[in-house]
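What follows is one structure encoded as structure tokens, with my remarks underneath.
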Amino acid sequence: MRVRRLASWILLIALLGAAACAGGLFREYEYDEQTFVNLDGSARIVVSSSLPALRALHGFDVPTDPAAPIDREAIGRLFESPVTGDVYVSRPWRRHGRAYVSVRLQTSDVTRVSEAAPFRWSRYALRRQGGGYVYRQRVGKPTARPSGAGPWSGEELVAFRLHLPSKVLFHNSPTRQVERGNIVTWEQPLQARLAGEPVEIEVRLHPQTILYRTLIIFGVALATAVVLLGSVVWWMRRKGRRLREEAGGSKVTSHGALGGPELLRKRRQ
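Take the sequence shown: its position 170, counted from the start at 1, is 182 in the working numbering, and no numbers get skipped.
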């Protein structure tokens, strides 16, 4: 029995692992550009990339030897510009013999972020349209002369991921999915990105953010609960007053019934 149960658990874990991999839950990206868009036009951008990919795609002078020391401040300066701020570079990590870093930054206007060197290959637009918002991004050819030389196997992927603040009404991602957390992903083989094949991104959004709608729902629920509680208190007080009145009436009737014979006796005397 124990052996059969153990075999069942192993089979279940294997099936879950296969399903997760097939569903893309554990995708590995050589270059991953995530944009957290706000409806006011501000955004937070996180670029996670191998150093060879940064050199190949953007022409950045970064070390590609995984054993070489990594100057995080120097990498951060590559992402600094008049339209980007609060740049932070993570500690490096290694995978498949390559060093990776993650760079986080803020911008007050996502439509101008293409003025920064790492994002010059993109054109951004965010505008109100038809009762909602439309976000568009076109990723074109690398502005620097890309170098295809690198430790590539040919299976590396590039991703552009949007983290969106309101309900997605439409998107043109080939995955046709909106992932948990309101994330939409566009993938491209690294070799296609190096060749400059464009990526067309379009998303249409609900005009109210998820947070705003959640607060409205919470406020309505709270107001309903207060009204319901007030109604219950009013009903209980009214019922209590009625019971007291009925109890008082019963006492008067009882006293009247007892007083009748006594009055009659006094009259006879």
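Just so you know, even glycine gets a beta-carbon here, dropped at the ideal spot from N, CA and C.
- With a Cβ-Cβ cutoff of 7 angstroms, do Leu138 and Glu168 count as a contact? Here residue 138 is taken as the residue at index 126 of the sequence shown, counted from 1. Here residue 168 is taken as the residue at index 156 of the sequence shown, counted from 1. Glu168 sits away from Leu138, with the two beta carbons spaced by 7 angstroms or more.
- Item | Closest by C-alpha distance to Val58, when choosing among Lys179, His175, Gly260, Arg192 | Position 46 of the sequence shown, counting from 1, holds the residue named residue 58. Ranked by Cα distance from Val58, the options Lys179, His175, Gly260, Arg192 are led by His175.
- Near Glu92, what residues of its chain come up, given a Cβ to Cβ distance below 7 angstroms and the 5 sequence neighbours on each side ignored? For this step, residue 92 is matched to residue 80 along the sequence shown. These residues qualify, in order along the chain: Val99.
- Mark Trp105 as exposed unless 16 or more other C-beta atoms lie within 10 angstroms of its C-beta, in which case mark it buried. The sequence position of residue 105 within the sequence shown is 93, counting from 1. Counting other Cβ atoms within 10 Å of its Cβ, Trp105 stays below 16 and is therefore classed as exposed.
- Task: May I ask which residues mark the beginning and end of the alpha helix (DSSP H) holding Ile87?
- Result: In the sequence shown, the residue the question calls residue 87 occupies position 75. Ile87 -> alpha helix (DSSP H) spans 84 to 91.
- Within 10 angstroms of its Cβ, does Pro130 collect 16 or more other Cβ (buried), or is it exposed? Counting from 1 along the sequence shown, the entry for residue 130 is found at position 118. By the neighbour-count rule (16 or more Cβ atoms within 10 Å), Pro130 is buried.
- Task: State yes or no: is the C-beta of Ile95 within less than 7 angstroms of the C-beta of Glu45?
- Result: Counted from its first residue, the sequence shown places residue 95 at position 83. Counted from its first residue, the sequence shown places residue 45 at position 33. According to the sequence as given, residue 95 is Val; it is not Ile. Against a cut-off of 7 angstroms, the Cβ pair of Glu45 and Val95 comes out as no contact.
- Compare the Cα-Cα distances from Ile213 to each of Arg135, Val245, Ser61 and report the closest residue. Here residue 213 corresponds to residue number 201 of the sequence shown, with the count starting at 1. Closest in alpha carbon position to Ile213, among Arg135, Val245, Ser61, is Arg135.
- Secondary structure of Leu206, DSSP reduced to three states: Here residue 206 corresponds to residue number 194 of the sequence shown, with the count starting at 1. Of the three classes helix, strand and coil, the one that applies to Leu206 here is helix, per DSSP.
- Task: Compute the Euclidean distance between the alpha carbons of Leu217 and Pro81, then round it to the nearest angstrom.
- Result: For this step, residue 217 is matched to residue 205 along the sequence shown. For this step, residue 81 is matched to residue 69 along the sequence shown. One C-alpha to the other measures close to 43 angstroms.
- Val122 (DSSP reduced to helix, strand or coil): By one-based count along the sequence shown, residue 122 stands at place 110. When secondary structure is reduced to three states using DSSP, Val122 falls in the helix class.
- Item | Inter-residue spacing [alpha-carbon to alpha-carbon] between Gly142 and Arg150 | Locating residue 142 in the sequence shown gives position 130, counting from the first residue. Locating residue 150 in the sequence shown gives position 138, counting from the first residue. The straight-line gap from Cα to Cα measures roughly 21 angstroms.
- Whole angstroms is fine: what's the gap from Arg116's alpha carbon to Gly208's? Taking the first residue of the sequence shown as 1, we reach residue 116 at position 104. Taking the first residue of the sequence shown as 1, we reach residue 208 at position 196. Annotation: Arg116 to Gly208 spans about 24 angstroms, alpha carbon to alpha carbon.
- My guess is that Val215 and Val180 are in contact by the Cβ rule of under 8 angstroms, so how many angstroms apart are they, rounded? Within the sequence shown, the letter at position 203 stands for residue 215. Within the sequence shown, the letter at position 168 stands for residue 180. About 6 angstroms separates the two Cβ atoms, so the contact holds.
- Task: Classify Thr197 as buried or exposed, calling it buried when 16 or more other Cβ atoms lie within 10 Å of its own Cβ.
- Result: Sequence index remark: in the sequence shown, residue 197 carries index 185 (1-based). Flag for Thr197 reads buried.
- Best match in Gly53, Pro75, Gly252, Arg39 for proximity to Gly309 [C-alpha to C-alpha]: Any answer about residue 309 is impossible in this case: the structure gives the chain only from 13 up to 281.
- Task: Compute the distance between the beta-carbons of Ala111 and Leu63, then report whether it is under 7 angstroms.
- Result: Looking up residue 111 in the sequence shown gives position 99. Looking up residue 63 in the sequence shown gives position 51. A contact, by the Cβ cut-off of 7 angstroms.
- Message: So for Ser243, helix, strand or coil by DSSP?
- Response: As a first step, residue 243 is located in the sequence shown; it is residue number 231 there, counting from the start. The answer is helix: DSSP assigns Ser243 an H, G or I state.
- Query: Which class does Gly144 belong to by DSSP, given the choice of helix, strand or coil?
  - Reply: Sequence index remark: in the sequence shown, residue 144 carries index 132 (1-based). Assignment of Gly144 by DSSP, reduced to helix, strand and coil, places it in the strand class.
- Just the Cα atoms here: how many angstroms apart are Thr119 and Phe48? Position 107 of the sequence shown, counted from the first residue, corresponds to residue 119. Position 36 of the sequence shown, counted from the first residue, corresponds to residue 48. Within the model, the alpha-carbon separation for Thr119 versus Phe48 is close to 10 angstroms.
- Close-in-space but distant-in-sequence residues of the same chain around Leu289 (CB under 8 angstroms, 5 per side omitted): Past the edges of the chain, shown from 13 to 281, lies residue 289, and the structure says nothing about it.
- C-alpha gap between Arg84 and Ala156, whole angstroms: The sequence position of residue 84 within the sequence shown is 72, counting from 1. The sequence position of residue 156 within the sequence shown is 144, counting from 1. About 21 angstroms.
- What are the uninterrupted segments assigned as beta strand (DSSP E) that are 3 or more residues long and contained completely in the stretch 145 to 203, given in chain order? Under the rule that a run must span 3 or more residues, the beta strand (DSSP E) segments found entirely inside the stretch 145 to 203 read 169 to 175, 178 to 183, 195 to 201.
- Message: Measuring straight from C-alpha to C-alpha, what distance separates Leu223 and Ser165?
- Response: For the purposes of this step, residue 223 is identified with residue 211 of the sequence shown, where counting begins at 1. For the purposes of this step, residue 165 is identified with residue 153 of the sequence shown, where counting begins at 1. Residue confidence for Leu223 is low, a pLDDT of 43 falling below 50, so the modelled location carries little weight and cannot support an answer.
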